[in-house]
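Encoded as structure tokens, the structure appears first; notes follow it.
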Amino acid sequence: MKQINLKLPDNLLKAAQRYVEHFGFRNIQDLATESIREKVFENSEYDNTFTEKEIELIEALIVHSIKNNKLSSEEELMKILRE
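In this text, residue positions in the sequence shown follow the numbering used here: the first is 197, and each later residue adds one.
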């Protein structure tokens, strides 16, 4: 993982600090990371920030949910997630 420095105008920094407090982020770094991730992967079906283990767990959850009639298919899940 790499570290970067980020310069922000005072008013943007203050707004970011309020946003962090209001929406439960741990700090501005987490807000910046999430914001960048959201922009970069917004139109991507696969977010490559997931590890292989996380992907396996997500797939297992999908299979488990379908088996227990919580979802009828992966397509239904994708439809729900896109709403």
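Backbone N, C-alpha and C fix where the C-beta goes; we use that ideal spot for every residue, glycine too.
Query                                                                                : Result
Cα-Cα separation, ASP226 to PRO205                                                   : 18 Å
Minimum C-alpha distance to ALA212 - residue among GLU230, LEU253, VAL236 and ASN264 : GLU230
As assigned by DSSP and simplified to three states, the class of ASN207              : helix
CA nearest to the CA of ILE200, picked from ARG214, GLY220 and ILE224                : ILE224
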